[in-house]
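Asker: Let me begin by handing over the structure; questions about it come next.
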Amino acid sequence: MFGEILQKFVEKSPTTVMVRVLLERLLNPEKLDRWFEATRQTQYTRNILFSSLVGLMLQVVCRTQASVHAAYRQANIAASIVAVYAKLQGVELTTSQALVGEIALEARDMILAMNGARPSLLPGYRLKYLDGNCLAASEHRLKPLRATTAGPLPGKSLVVFDPQLDIAVTVVLCADGHTQERALLDAVIPTVEANDVWLADRNFCVSQFLFEIHRKQAFFIIRQHSNLVAKPLEKFRFIGASASGDVYDQAVQLTSTSGETRALRRITVNLKTPTRNGDTKLVLLTNLPSAVADAPTIAALYRMRWGIETAFQKLEKHLHSEIAALGYPQAALFGFCLALVAFNLYAVVMAALRAAHPTRDIDQTVSQFYLAGEIATTMTGLTIAVPEHEWAPFVHATTEQLTECLLRLAQFVDLHKLRKSPRGPKKPPIPRTKYKGHTHVSTARLLAGIEPNTK
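Read in my numbering, the sequence shown has 363 at position 363, and its numbers run on one by one without any break.
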(Lines of atoms letter the chains of each structure in order from A; the text may use other names.)
(Lines give C-alpha, C1' and ligand atoms only; values in the text may rest on other atoms or scores of the structure.)
Protein backbone atom coordinates (compact mmCIF):
# COMPACT_ATOMS: atom_id res chain seq x y z
CA MET A 1 0.00 0.00 0.00
CA PHE A 2 2.85 2.41 0.85
CA GLY A 3 6.24 3.06 -0.69
CA GLU A 4 9.43 2.21 1.14
CA ILE A 5 10.04 5.71 2.52
CA LEU A 6 6.41 6.29 3.47
CA GLN A 7 6.31 2.90 5.19
CA LYS A 8 9.09 4.03 7.53
CA PHE A 9 7.02 7.03 8.55
CA VAL A 10 4.02 4.73 9.04
CA GLU A 11 6.06 2.66 11.48
CA LYS A 12 7.70 5.58 13.32
CA SER A 13 5.01 8.29 13.27
CA PRO A 14 1.69 6.93 11.99
CA THR A 15 -0.29 9.83 13.45
CA THR A 16 1.58 12.26 11.19
CA VAL A 17 0.77 10.10 8.17
CA MET A 18 -2.89 10.05 9.25
CA VAL A 19 -3.00 13.84 9.37
CA ARG A 20 -1.31 14.13 5.97
CA VAL A 21 -3.83 11.67 4.51
CA LEU A 22 -6.66 13.79 5.92
CA LEU A 23 -5.10 16.96 4.53
CA GLU A 24 -4.88 15.39 1.08
CA ARG A 25 -8.51 14.25 1.26
CA LEU A 26 -10.16 17.25 2.90
CA LEU A 27 -7.91 20.18 1.96
CA ASN A 28 -6.63 19.15 -1.44
CA PRO A 29 -5.61 22.36 -3.30
CA GLU A 30 -7.70 21.73 -6.43
CA LYS A 31 -10.73 20.81 -4.35
CA LEU A 32 -10.25 23.86 -2.11
CA ASP A 33 -9.99 26.26 -5.05
CA ARG A 34 -13.14 24.85 -6.67
CA TRP A 35 -14.95 25.15 -3.35
CA PHE A 36 -13.74 28.74 -2.92
CA GLU A 37 -15.00 29.78 -6.37
CA ALA A 38 -18.42 28.33 -5.55
CA THR A 39 -18.57 29.92 -2.07
CA ARG A 40 -16.96 33.37 -2.38
CA GLN A 41 -19.03 36.52 -2.60
CA THR A 42 -16.77 39.44 -3.55
CA GLN A 43 -13.19 38.23 -3.08
CA TYR A 44 -11.59 36.84 -6.23
CA THR A 45 -8.45 34.97 -7.26
CA ARG A 46 -5.71 36.79 -9.17
CA ASN A 47 -2.14 35.76 -8.30
CA ILE A 48 -2.70 33.95 -4.99
CA LEU A 49 -4.89 30.87 -4.83
CA PHE A 50 -7.12 30.32 -1.82
CA SER A 51 -5.52 26.91 -1.33
CA SER A 52 -2.13 28.62 -1.03
CA LEU A 53 -3.46 30.79 1.80
CA VAL A 54 -4.87 27.75 3.58
CA GLY A 55 -1.63 25.80 3.24
CA LEU A 56 0.44 28.73 4.45
CA MET A 57 -1.78 29.49 7.45
CA LEU A 58 -2.10 25.84 8.46
CA GLN A 59 1.68 25.72 8.92
CA VAL A 60 1.44 28.61 11.38
CA VAL A 61 -1.64 27.26 13.13
CA CYS A 62 -0.09 23.80 13.55
CA ARG A 63 3.18 25.38 14.74
CA THR A 64 5.34 23.93 11.97
CA GLN A 65 6.26 27.53 11.14
CA ALA A 66 6.70 30.31 13.68
CA SER A 67 4.96 33.08 11.73
CA VAL A 68 3.16 33.94 8.52
CA HIS A 69 6.36 35.48 7.13
CA ALA A 70 8.38 32.37 8.00
CA ALA A 71 5.80 30.17 6.27
CA TYR A 72 5.82 32.47 3.24
CA ARG A 73 9.60 32.13 2.89
CA GLN A 74 9.17 28.35 2.57
CA ALA A 75 6.13 28.49 0.29
CA ASN A 76 6.11 28.65 -3.49
CA ILE A 77 3.83 31.68 -3.90
CA ALA A 78 4.39 33.91 -6.93
CA ALA A 79 3.48 37.10 -5.09
CA SER A 80 5.03 39.40 -2.50
CA ILE A 81 4.50 39.04 1.25
CA VAL A 82 2.62 42.35 1.10
CA ALA A 83 0.19 40.79 -1.38
CA VAL A 84 -0.22 37.76 0.89
CA TYR A 85 -1.14 39.94 3.86
CA ALA A 86 -3.55 41.90 1.66
CA LYS A 87 -5.17 38.64 0.56
CA LEU A 88 -5.51 37.51 4.17
CA GLN A 89 -7.04 40.86 5.04
CA GLY A 90 -9.70 40.29 2.37
CA VAL A 91 -10.79 36.76 3.31
CA GLU A 92 -14.55 37.05 3.81
CA LEU A 93 -16.02 35.99 7.13
CA THR A 94 -18.62 33.90 5.28
CA THR A 95 -15.80 31.97 3.58
CA SER A 96 -14.06 31.24 6.90
CA GLN A 97 -17.34 30.14 8.49
CA ALA A 98 -18.28 27.91 5.56
CA LEU A 99 -14.86 26.23 5.51
CA VAL A 100 -15.25 25.12 9.14
CA GLY A 101 -18.74 23.76 8.43
CA GLU A 102 -17.62 21.95 5.27
CA ILE A 103 -14.72 20.17 6.97
CA ALA A 104 -16.89 19.39 10.01
CA LEU A 105 -19.43 17.54 7.81
CA GLU A 106 -16.73 15.39 6.23
CA ALA A 107 -15.08 14.77 9.60
CA ARG A 108 -18.44 13.69 11.02
CA ASP A 109 -18.99 11.18 8.19
CA MET A 110 -15.54 9.66 8.77
CA ILE A 111 -15.95 9.41 12.53
CA LEU A 112 -19.34 7.73 12.19
CA ALA A 113 -18.05 5.37 9.48
CA MET A 114 -15.24 4.26 11.84
CA ASN A 115 -17.60 3.90 14.82
CA GLY A 116 -15.23 6.26 16.59
CA ALA A 117 -17.79 8.53 18.24
CA ARG A 118 -17.93 8.79 22.01
CA PRO A 119 -20.86 7.17 23.87
CA SER A 120 -23.94 9.40 23.84
CA LEU A 121 -24.47 11.41 27.02
CA LEU A 122 -28.23 11.46 26.35
CA PRO A 123 -29.27 8.59 24.05
CA GLY A 124 -31.62 9.64 21.26
CA TYR A 125 -30.53 13.29 21.36
CA ARG A 126 -27.62 15.27 19.95
CA LEU A 127 -25.93 17.55 22.45
CA LYS A 128 -24.49 20.86 21.24
CA TYR A 129 -22.39 23.17 23.38
CA LEU A 130 -22.55 26.86 22.53
CA ASP A 131 -19.99 29.38 23.74
CA GLY A 132 -18.31 32.58 22.65
CA ASN A 133 -14.64 33.27 22.10
CA CYS A 134 -13.04 36.70 21.93
CA LEU A 135 -9.67 36.70 20.20
CA ALA A 136 -6.85 38.04 22.33
CA ALA A 137 -5.55 41.54 21.69
CA SER A 138 -3.32 41.76 18.64
CA GLU A 139 -0.04 43.60 18.24
CA HIS A 140 -0.12 47.31 17.38
CA ARG A 141 1.30 46.90 13.88
CA LEU A 142 -1.53 48.58 11.98
CA LYS A 143 -1.22 52.34 11.65
CA PRO A 144 -4.53 53.15 13.44
CA LEU A 145 -3.38 51.01 16.41
CA ARG A 146 0.13 52.38 16.94
CA ALA A 147 -0.82 55.34 19.12
CA THR A 148 -3.18 53.52 21.48
CA THR A 149 -2.29 51.82 24.75
CA ALA A 150 -5.50 49.77 24.76
CA GLY A 151 -5.43 46.20 23.53
CA PRO A 152 -6.95 46.02 20.01
CA LEU A 153 -9.46 43.16 19.74
CA PRO A 154 -9.53 41.68 16.22
CA GLY A 155 -12.83 39.85 16.49
CA LYS A 156 -15.27 37.56 18.24
CA SER A 157 -16.91 34.24 17.47
CA LEU A 158 -19.58 31.83 18.60
CA VAL A 159 -18.61 28.17 18.35
CA VAL A 160 -20.97 25.18 18.39
CA PHE A 161 -19.26 22.03 19.66
CA ASP A 162 -20.47 18.41 19.34
CA PRO A 163 -19.16 16.52 22.41
CA GLN A 164 -19.99 13.08 21.03
CA LEU A 165 -17.92 13.61 17.88
CA ASP A 166 -15.51 16.01 19.64
CA ILE A 167 -15.62 18.48 16.73
CA ALA A 168 -16.55 22.12 16.20
CA VAL A 169 -19.55 21.88 13.88
CA THR A 170 -20.39 25.56 13.38
CA VAL A 171 -18.75 28.94 13.89
CA VAL A 172 -20.30 32.42 13.67
CA LEU A 173 -17.83 35.27 13.22
CA CYS A 174 -17.96 38.98 13.99
CA ALA A 175 -15.23 41.48 13.14
CA ASP A 176 -16.21 43.83 15.99
CA GLY A 177 -14.44 42.64 19.12
CA HIS A 178 -16.79 44.66 21.36
CA THR A 179 -20.01 43.08 20.05
CA GLN A 180 -22.18 41.40 22.67
CA GLU A 181 -22.20 37.64 22.08
CA ARG A 182 -25.98 37.36 22.26
CA ALA A 183 -26.23 39.76 19.30
CA LEU A 184 -24.87 36.90 17.14
CA LEU A 185 -27.58 34.41 18.10
CA ASP A 186 -29.72 35.16 15.02
CA ALA A 187 -27.02 33.46 12.93
CA VAL A 188 -27.08 30.39 15.20
CA ILE A 189 -30.84 29.79 15.01
CA PRO A 190 -30.81 28.38 11.42
CA THR A 191 -28.44 25.62 12.59
CA VAL A 192 -30.89 24.30 15.21
CA GLU A 193 -32.26 20.86 14.30
CA ALA A 194 -34.97 18.66 15.80
CA ASN A 195 -33.83 16.62 18.83
CA ASP A 196 -30.85 18.88 19.45
CA VAL A 197 -30.10 19.68 23.09
CA TRP A 198 -28.36 23.05 23.35
CA LEU A 199 -26.25 23.76 26.42
CA ALA A 200 -25.07 27.29 27.05
CA ASP A 201 -24.16 29.75 29.79
CA ARG A 202 -26.51 32.48 31.06
CA ASN A 203 -25.12 34.99 28.58
CA PHE A 204 -27.22 33.19 25.94
CA CYS A 205 -30.35 32.99 28.08
CA VAL A 206 -32.48 35.14 25.76
CA SER A 207 -36.21 34.46 25.50
CA GLN A 208 -36.28 34.74 21.70
CA PHE A 209 -33.47 32.17 21.38
CA LEU A 210 -35.20 29.77 23.78
CA PHE A 211 -38.52 30.06 21.95
CA GLU A 212 -36.87 29.51 18.56
CA ILE A 213 -35.20 26.34 19.83
CA HIS A 214 -38.56 25.08 21.11
CA ARG A 215 -40.33 25.89 17.81
CA LYS A 216 -37.82 23.72 15.95
CA GLN A 217 -38.67 20.75 18.20
CA ALA A 218 -35.28 20.99 19.85
CA PHE A 219 -34.33 21.35 23.51
CA PHE A 220 -32.07 23.43 25.72
CA ILE A 221 -30.33 23.42 29.08
CA ILE A 222 -29.30 27.01 29.71
CA ARG A 223 -28.31 28.78 32.89
CA GLN A 224 -30.91 31.39 33.77
CA HIS A 225 -29.89 35.04 33.47
CA SER A 226 -31.03 37.33 36.28
CA ASN A 227 -32.70 39.62 33.72
CA LEU A 228 -34.93 36.82 32.42
CA VAL A 229 -38.11 36.52 34.51
CA ALA A 230 -39.73 33.08 34.74
CA LYS A 231 -43.06 32.86 36.60
CA PRO A 232 -43.19 29.99 39.14
CA LEU A 233 -46.08 27.55 38.61
CA GLU A 234 -45.35 25.50 41.73
CA LYS A 235 -43.12 25.41 44.75
CA PHE A 236 -39.61 23.98 44.58
CA ARG A 237 -39.51 20.19 44.94
CA PHE A 238 -36.46 18.65 46.55
CA ILE A 239 -35.20 15.89 44.25
CA GLY A 240 -32.06 14.70 45.99
CA ALA A 241 -28.41 15.33 46.70
CA SER A 242 -25.68 15.33 44.06
CA ALA A 243 -21.92 15.69 44.12
CA SER A 244 -22.33 19.45 43.66
CA GLY A 245 -25.14 19.99 46.16
CA ASP A 246 -28.87 19.60 46.78
CA VAL A 247 -31.01 19.56 43.63
CA TYR A 248 -34.50 21.08 43.29
CA ASP A 249 -37.04 21.04 40.45
CA GLN A 250 -39.79 23.54 39.72
CA ALA A 251 -42.29 24.19 36.90
CA VAL A 252 -42.14 27.77 35.58
CA GLN A 253 -43.70 29.79 32.78
CA LEU A 254 -41.75 31.90 30.32
CA THR A 255 -43.37 34.67 28.27
CA SER A 256 -41.91 35.95 25.00
CA THR A 257 -41.87 39.58 23.89
CA SER A 258 -44.86 38.80 21.65
CA GLY A 259 -46.89 37.38 24.55
CA GLU A 260 -46.36 33.69 23.75
CA THR A 261 -45.98 31.46 26.83
CA ARG A 262 -44.16 28.19 27.43
CA ALA A 263 -44.01 25.90 30.44
CA LEU A 264 -40.43 25.04 31.39
CA ARG A 265 -38.56 23.37 34.21
CA ARG A 266 -36.22 25.27 36.50
CA ILE A 267 -33.50 23.14 38.07
CA THR A 268 -31.69 24.67 41.05
CA VAL A 269 -28.53 23.29 42.61
CA ASN A 270 -27.49 24.68 46.01
CA LEU A 271 -23.75 24.42 45.52
CA LYS A 272 -21.55 22.98 48.23
CA THR A 273 -18.68 25.10 46.95
CA PRO A 274 -19.31 28.57 45.47
CA THR A 275 -18.23 29.22 41.89
CA ARG A 276 -15.20 31.38 41.11
CA ASN A 277 -17.64 34.28 40.74
CA GLY A 278 -19.04 33.65 44.22
CA ASP A 279 -22.38 32.14 43.11
CA THR A 280 -23.88 29.74 45.64
CA LYS A 281 -26.69 28.53 43.36
CA LEU A 282 -26.83 27.11 39.87
CA VAL A 283 -30.19 27.88 38.23
CA LEU A 284 -30.95 26.12 34.94
CA LEU A 285 -33.87 26.38 32.53
CA THR A 286 -34.83 23.45 30.32
CA ASN A 287 -37.70 22.22 28.17
CA LEU A 288 -36.59 18.60 28.37
CA PRO A 289 -39.38 16.42 29.82
CA SER A 290 -38.67 14.84 33.19
CA ALA A 291 -39.26 11.43 31.58
CA VAL A 292 -36.23 12.07 29.37
CA ALA A 293 -33.90 13.57 31.99
CA ASP A 294 -34.49 14.06 35.70
CA ALA A 295 -33.13 17.06 37.60
CA PRO A 296 -29.78 15.49 38.65
CA THR A 297 -29.19 14.40 35.04
CA ILE A 298 -29.88 17.93 33.81
CA ALA A 299 -27.40 19.34 36.33
CA ALA A 300 -24.78 16.74 35.38
CA LEU A 301 -25.19 17.46 31.65
CA TYR A 302 -24.74 21.17 32.23
CA ARG A 303 -21.52 20.61 34.18
CA MET A 304 -20.18 18.74 31.13
CA ARG A 305 -20.69 21.94 29.12
CA TRP A 306 -17.22 22.89 30.32
CA GLY A 307 -16.03 20.55 27.57
CA ILE A 308 -16.14 23.47 25.15
CA GLU A 309 -13.94 25.49 27.51
CA THR A 310 -11.50 22.58 27.38
CA ALA A 311 -11.69 22.69 23.58
CA PHE A 312 -10.78 26.39 23.58
CA GLN A 313 -7.87 25.62 25.91
CA LYS A 314 -6.65 22.92 23.50
CA LEU A 315 -6.88 25.37 20.60
CA GLU A 316 -4.74 27.83 22.50
CA LYS A 317 -2.28 25.32 23.96
CA HIS A 318 -1.80 22.80 21.16
CA LEU A 319 -2.48 25.05 18.16
CA HIS A 320 -1.65 28.65 17.30
CA SER A 321 -5.31 29.74 17.16
CA GLU A 322 -4.75 33.43 17.96
CA ILE A 323 -1.96 34.92 15.87
CA ALA A 324 -1.09 38.24 17.52
CA ALA A 325 0.66 39.60 14.42
CA LEU A 326 -2.61 39.53 12.45
CA GLY A 327 -4.39 42.75 13.36
CA TYR A 328 -6.96 42.86 10.57
CA PRO A 329 -10.15 41.13 11.78
CA GLN A 330 -10.71 39.04 8.63
CA ALA A 331 -7.15 37.68 8.75
CA ALA A 332 -7.21 36.95 12.50
CA LEU A 333 -10.60 35.21 12.31
CA PHE A 334 -9.46 33.21 9.26
CA GLY A 335 -6.53 31.96 11.33
CA PHE A 336 -8.88 31.04 14.18
CA CYS A 337 -11.13 29.11 11.79
CA LEU A 338 -8.18 27.16 10.41
CA ALA A 339 -7.31 26.25 14.00
CA LEU A 340 -10.85 24.86 14.29
CA VAL A 341 -10.26 22.92 11.07
CA ALA A 342 -7.02 21.48 12.46
CA PHE A 343 -8.83 20.68 15.72
CA ASN A 344 -11.41 18.70 13.75
CA LEU A 345 -8.68 16.82 11.87
CA TYR A 346 -7.15 15.82 15.19
CA ALA A 347 -10.63 14.71 16.31
CA VAL A 348 -10.75 12.28 13.37
CA VAL A 349 -7.35 10.90 14.41
CA MET A 350 -8.57 10.44 18.00
CA ALA A 351 -11.73 8.73 16.70
CA ALA A 352 -9.59 6.33 14.66
CA LEU A 353 -7.55 5.53 17.77
CA ARG A 354 -10.75 4.87 19.76
CA ALA A 355 -12.03 2.54 17.04
CA ALA A 356 -8.70 0.74 16.48
CA HIS A 357 -8.02 0.27 20.21
CA PRO A 358 -11.49 -0.41 21.69
CA THR A 359 -10.09 -1.82 24.94
CA ARG A 360 -8.15 1.37 25.75
CA ASP A 361 -9.63 4.56 27.15
CA ILE A 362 -8.12 6.82 24.48
CA ASP A 363 -9.66 10.06 25.76
CA GLN A 364 -8.22 9.54 29.24
CA THR A 365 -4.82 8.16 28.29
CA VAL A 366 -3.73 9.86 25.04
CA SER A 367 -2.37 13.39 25.33
CA GLN A 368 -3.38 15.67 22.47
CA PHE A 369 -0.48 17.90 23.49
CA TYR A 370 2.05 15.16 22.68
CA LEU A 371 0.02 14.19 19.61
CA ALA A 372 0.20 17.75 18.25
CA GLY A 373 3.90 17.96 19.15
CA GLU A 374 4.77 14.76 17.28
CA ILE A 375 2.88 15.90 14.19
CA ALA A 376 4.48 19.36 14.21
CA THR A 377 7.94 17.81 14.54
CA THR A 378 7.55 15.19 11.81
CA MET A 379 5.33 16.84 9.18
CA THR A 380 8.10 18.83 7.45
CA GLY A 381 10.29 15.74 7.03
CA LEU A 382 7.32 13.75 5.76
CA THR A 383 6.53 16.43 3.19
CA ILE A 384 10.14 16.54 1.96
CA ALA A 385 10.83 12.80 1.89
CA VAL A 386 7.65 11.36 0.38
CA PRO A 387 6.94 12.07 -3.32
CA GLU A 388 3.68 13.84 -4.08
CA HIS A 389 2.37 11.04 -6.30
CA GLU A 390 2.15 8.69 -3.30
CA TRP A 391 -0.58 10.89 -1.80
CA ALA A 392 -2.66 11.03 -4.99
CA PRO A 393 -4.81 7.93 -4.27
CA PHE A 394 -6.20 9.53 -1.10
CA VAL A 395 -7.62 12.54 -2.94
CA HIS A 396 -10.34 10.55 -4.72
CA ALA A 397 -10.73 7.74 -2.20
CA THR A 398 -14.24 6.99 -0.93
CA THR A 399 -15.11 7.53 2.71
CA GLU A 400 -15.04 3.77 3.29
CA GLN A 401 -11.59 3.39 1.72
CA LEU A 402 -10.22 6.34 3.64
CA THR A 403 -11.56 5.22 7.01
CA GLU A 404 -10.20 1.72 6.43
CA CYS A 405 -6.79 3.26 5.78
CA LEU A 406 -7.00 5.42 8.92
CA LEU A 407 -7.92 2.41 11.05
CA ARG A 408 -4.95 0.44 9.69
CA LEU A 409 -2.62 3.35 10.42
CA ALA A 410 -4.08 3.73 13.92
CA GLN A 411 -3.06 0.17 14.74
CA PHE A 412 0.60 1.19 14.29
CA VAL A 413 0.36 3.96 16.90
CA ASP A 414 2.41 3.40 20.06
CA LEU A 415 -0.04 4.70 22.65
CA HIS A 416 2.62 4.54 25.34
CA LYS A 417 4.54 7.37 23.66
CA LEU A 418 1.43 9.56 23.64
CA ARG A 419 0.27 8.84 27.17
CA LYS A 420 -0.81 11.68 29.42
CA SER A 421 1.22 12.70 32.46
CA PRO A 422 -1.43 13.62 35.02
CA ARG A 423 -0.27 15.81 37.84
CA GLY A 424 -1.16 15.24 41.47
CA PRO A 425 -3.33 17.52 43.58
CA LYS A 426 -2.11 21.08 43.87
CA LYS A 427 -0.34 21.99 47.08
CA PRO A 428 -0.83 25.35 48.77
CA PRO A 429 1.98 27.78 47.89
CA ILE A 430 4.72 28.25 50.47
CA PRO A 431 5.01 31.89 51.59
CA ARG A 432 8.26 33.41 50.33
CA THR A 433 9.44 35.32 53.37
CA LYS A 434 13.08 34.23 53.82
CA TYR A 435 15.85 36.60 52.79
CA LYS A 436 13.31 39.29 52.00
CA GLY A 437 14.96 42.40 50.62
CA HIS A 438 17.98 40.57 49.17
CA THR A 439 18.48 40.28 45.42
CA HIS A 440 20.13 36.84 45.15
CA VAL A 441 20.99 33.73 47.17
CA SER A 442 23.17 30.73 46.30
CA THR A 443 21.13 27.72 45.20
CA ALA A 444 24.06 25.34 45.91
CA ARG A 445 24.31 26.54 49.54
CA LEU A 446 20.58 26.18 50.11
CA LEU A 447 20.62 22.62 48.73
CA ALA A 448 23.56 21.81 51.02
CA GLY A 449 21.80 23.25 54.03
CA ILE A 450 24.35 26.04 54.39
CA GLU A 451 23.20 29.53 55.27
CA PRO A 452 23.82 31.44 52.00
CA ASN A 453 25.69 34.66 51.67
CA THR A 454 22.98 37.22 50.92
CA LYS A 455 25.25 40.14 50.07
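Where a beta carbon is used, it is the ideal one built from N, C-alpha and C, also for glycine.
None of the values given here were measured: they were computed from a predicted structure.
For Phe238, report the span of its beta strand (DSSP E) as first-last.
Answerer: Taken as a continuous stretch (DSSP letters only), the beta strand (DSSP E) holding Phe238 covers 237 to 241.
Asker: Following the continuous beta strand (DSSP E) through Lys87, name the residue where it begins and the one where it ends.
Answerer: No beta strand (DSSP E) holds Lys87; the alpha helix (DSSP H) holding it covers 81 to 89.
Asker: So Ala458 and Leu32 are in contact, right, with Cβ under 8 Å, and what is the actual spacing, rounded?
Answerer: Look at the range of the chain in this structure, 1 to 455, and you will see that residue 458 is not part of it.
Asker: Pairs of beta-carbons, one from the segment 155 to 172 and one from the segment 209 to 228, closer than 8 Å: are there three or more?
Answerer: With the cut-off at 8 Å, the segment 155 to 172 and the segment 209 to 228 do not touch.
Asker: Closest by CA to Leu199, which one among Ala300, Leu371, Pro452?
Answerer: Of the listed residues, the one whose Cα sits closest to Leu199 is Ala300.
Asker: Give me the Cβ distance between Ser67 and Val60, rounded to the nearest whole Å; I'm assuming they're in contact under 8 Å.
Answerer: 6 Å between Cβ atoms; contact.
Asker: Taking all protein chains shown into account, do 16 or more other C-beta atoms lie within 10 angstroms of the C-beta of Thr390, making it buried, or fewer, making it exposed?
Answerer: Note on identity: in this sequence residue 390 is Glu, with Thr being the wrong assignment. It counts as exposed.
Asker: At what residues does the alpha helix (DSSP H) containing Val229 begin and finish?
Answerer: Per DSSP, Val229 belongs to no alpha helix (DSSP H) and is neither H nor E.
Asker: Which one or two residues does DSSP pair with Gln250 in a beta bridge?
Answerer: Arg266, per the DSSP bridge assignment.
Asker: May I ask you to verify whether the segment 231 to 238 touches the segment 156 to 164, counting CB pairs closer than 8 Å and requiring at least 3?
Answerer: Because the criterion of three Cβ pairs below 8 Å is not met, the segment 231 to 238 and the segment 156 to 164 do not touch.
Asker: When you compare only the Cα positions, how much space is there between Tyr502 and Leu415?
Answerer: Outside the displayed span of the chain (1 to 455) sits residue 502, for which this structure offers no information.
Asker: Taking C-beta to C-beta, are Leu271 and Leu282 nearer than 8 Å?
Answerer: Taking 8 Å as the Cβ cut-off, Leu271 and Leu282 qualify as a contacting pair.
Asker: How many Å lie between Ile291 and Arg266 at the Cα?
Answerer: Residue identity differs from the one stated: residue 291 is Ala in this sequence, not Ile. Their backbone Cα atoms lie some 15 Å apart in a straight line.
Asker: Here's the rule I'm using: 16 or more other beta-carbon atoms within 10 Å means buried, otherwise exposed. How should Asn277 be labelled?
Answerer: Answer is exposed; the Cβ neighbour count stays below 16.
Asker: Count Cβ pairs between the segment 237 to 244 and the segment 314 to 331 that sit closer than 8 Å; are there 3 or more?
Answerer: Segments in contact, no.
Asker: Any contact between the segment 134 to 141 and the segment 382 to 396? By contact I mean 3 or more CB pairs, one from each, below 8 Å.
Answerer: The segment 134 to 141 is not in contact with the segment 382 to 396.
Asker: Given a cut-off of 8 Å on the beta-carbon distance, is the pair Gln250 and Thr261 in contact?
Answerer: Not in contact: Gln250 and Thr261 (Cβ atoms no closer than 8 Å).
Asker: Would the beta-carbon of Leu158 fall within 8 Å of that of His178?
Answerer: The answer is no: Cβ separation not under 8 Å.
Asker: For Thr286, which option in Gly245, Phe209, Leu326, Pro274 has the closest C-alpha, if you only look at C-alpha atoms?
Answerer: Nearest of Gly245, Phe209, Leu326, Pro274 to Thr286, Cα basis: Phe209.
Asker: Which of the three DSSP states, helix, strand or coil, is assigned to Gly373?
Answerer: In this structure, Gly373 counts as helix in the three-state DSSP scheme.
Asker: If we count the other Cβ atoms within 10 Å of its Cβ and call it buried at 16 or more, is Tyr44 buried or exposed?
Answerer: That one is exposed.
Asker: Give the range of the beta strand (DSSP E) segment to which Gly132 is assigned.
Answerer: Gly132 -> beta strand (DSSP E) spans 126 to 134.
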